[in-house]
Each structure stands twice: as structure tokens, then as C-alpha cells.
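To keep things clear, I will list the structure first and then write my remarks on it.
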Amino acid sequence: MDQFKVLAILLAILLGLSLCCSMCKRKEGFSSNKDDEGSYSSQAGSKATITSNVDGSQTMTILVPKVDTPLLYTRDLTSGDFFDINKTPAYMFTDGMGRRTIKIVYNNKTVTLIKEEPFKPKFDTTTPGDKPPPPVPPPTPAPVPPPVPPMPPIPGYFPYGIPRGKIPPGQEDLYILKSQIVPPVCPMCPSASICETKGKPPPPCPACARCPEPSITCKAVPNYSAIANEYLPTPVLADFSKF
Numbered sequence: 001m002d003q004f005k006v007l008a009i010l011l012a013i014l015l016g017l018s019l020c021c022s023m024c025k026r027k028e029g030f031s032s033n034k035d036d037e038g039s040y041s042s043q044a045g046s047k048a049t050i051t052s053n054v055d056g057s058q059t060m061t062i063l064v065p066k067v068d069t070p071l072l073y074t075r076d077l078t079s080g081d082f083f084d085i086n087k088t089p090a091y092m093f094t095d096g097m098g099r100r101t102i103k104i105v106y107n108n109k110t111v112t113l114i115k116e117e118p119f120k121p122k123f124d125t126t127t128p129g130d131k132p133p134p135p136v137p138p139p140t141p142a143p144v145p146p147p148v149p150p151m152p153p154i155p156g157y158f159p160y161g162i163p164r165g166k167i168p169p170g171q172e173d174l175y176i177l178k179s180q181i182v183p184p185v186c187p188m189c190p191s192a193s194i195c196e197t198k199g200k201p202p203p204p205c206p207a208c209a210r211c212p213e214p215s216i217t218c219k220a221v222p223n224y225s226a227i228a229n230e231y232l233p234t235p236v237l238a239d240f241s242k243f
């Protein structure tokens, strides 16, 4: 009797462990069935939606282009996979980029749908009042060019003129003030040559005359229409009938 009780306890423990394992079973890459909820889409235009029901099960609805009736799949709580009414599975996995992916075979064609993740901005979305702005770096001073060395003095050259004290005695008449310098003036252009006939009346025009007529050359032209026919020779044809 004691052995029967021990055996019953062991069977109950094994049954409880198997039930816990079946309910907690998860596919590779999945952390929770709730993570699978949302919308999926493919490049060919197929759409899929996974929603949770009141009883804890999940339903997947797939819309394929040019197909009026949506495809319905229900998740099996034991295996965690989706099956349609014909027990055709819909495979769910996580791809190499960490995206939830659905793959089904419909009409001998493989349809792959990827979950539409919400947009996550890569920049900081905090408002300006949440934190102070970063310090502005001081402006970089512009490079100062090196100073130009002064030009060495040239003996006897005074750019601002020669002061009176530098003029040698007796040569004051060789120097004048700058205000007395008269700039050179170009000479006046010579006047245009005057016509020698200026003041003389123009010559008179020639007198009007008759235009010369062309010369006439007389030439005798015979007038055959004025000749009398009786004075003209008459051609005679010889009679060759006797030959």
C-alpha cells in the first residue's frame, strides 16, 4: 500500500512538471506571446495582424493581394505555433536583424511578412527645458599675419619731400614747394586745314542744251511685195513621158 502511494505521488509530480513545461514552452527567439501582437507586412503587399482573444488565445489574420477571403490562423497554446483550419502551420521566428517574421506557404508560394516596428527617433527628443544646452565653444581667433618689416632707408630719398634744413646752401633755387608744381598740360591740337576756296563763289553750272541724238545709218532693204509677177521668171518642168 505504501508503494502505491509513493508511485501515485511520483506520477502526480511528473504530470505537473510536464504541464508546466508545455504551458511555458516558447519558440526560439520569442520572449512572450504578447510581443507577437501587431501588424506585419511584406514587400508584395500582404498584410497580417495578430490579436489576443479573451480566452488567452491569439488569432492571426492575413490579407493576400487578389484574394478576397482573409486567411485565419489560430495559435496553439501547447506548441505556440499558428495553424489554419486545415492544420497548415504558419512559421514565426526572429530573423538575423532581430525582427519578428511570419512565413506561410500559400498556393505553392512562400509569403514572408515582417513586423512593423514603431518609429524610434535616433536623436534626443527631450525638450530644451529638460536639461541645459551644451556650452558653446569660444570662437577661434583669426590668425594674425606677421608684421611687414620696414623698408630700409634709401640715401637721398625722402618720400615726403626734402625739408628746408636739408637743402644745401646756395641751391635754394633748385627746389620748389609741392604746391607750386604745375602739372604738364598737353598742347592744343592744330586746327583743321581751311579750304582755299573759302569766300570765293562756286563756278557756274553749264548751260542747258539738247541731248545729242544717235547717228542714223541708211541701208537699202529690198521690198519683194512690190515686184510685178509678170516680170519674174517662171520655172518649167521638162516632160519625161517620151523617154
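Following UniProt numbering, the numbering of the sequence shown begins with 1 at its first residue and continues without gaps. For every residue, glycine included, the Cβ atom is placed at its ideal position computed from N, Cα and C.
Along the beta strand (DSSP E) that carries Lys103, what are the first and last residues, could you check? Arg100 to Tyr106
Return the chain-ordered list of same chain residues with a C-beta closer than 6 Å to the C-beta of Thr49, the five sequence neighbours on each side being excluded. Ser39 and Thr61
Ends of the beta strand (DSSP E) at Lys109? Lys109 to Lys115
If we call anything under 9 Å between Cβ atoms a contact, is Pro65 one with Gly45? yes
Can you tell me which residues form a DSSP beta bridge with Lys47? Ser41 and Leu63
Given Asp76 as reference, the closest of Ser179, Ser52, Lys115 and Pro235 once Cα atoms are compared: Ser52
Tell me where the beta strand (DSSP E) around Ala90 begins and ends. Pro89 to Thr94
Tyr73 - containing beta strand (DSSP E), residue span: Leu71 to Arg75
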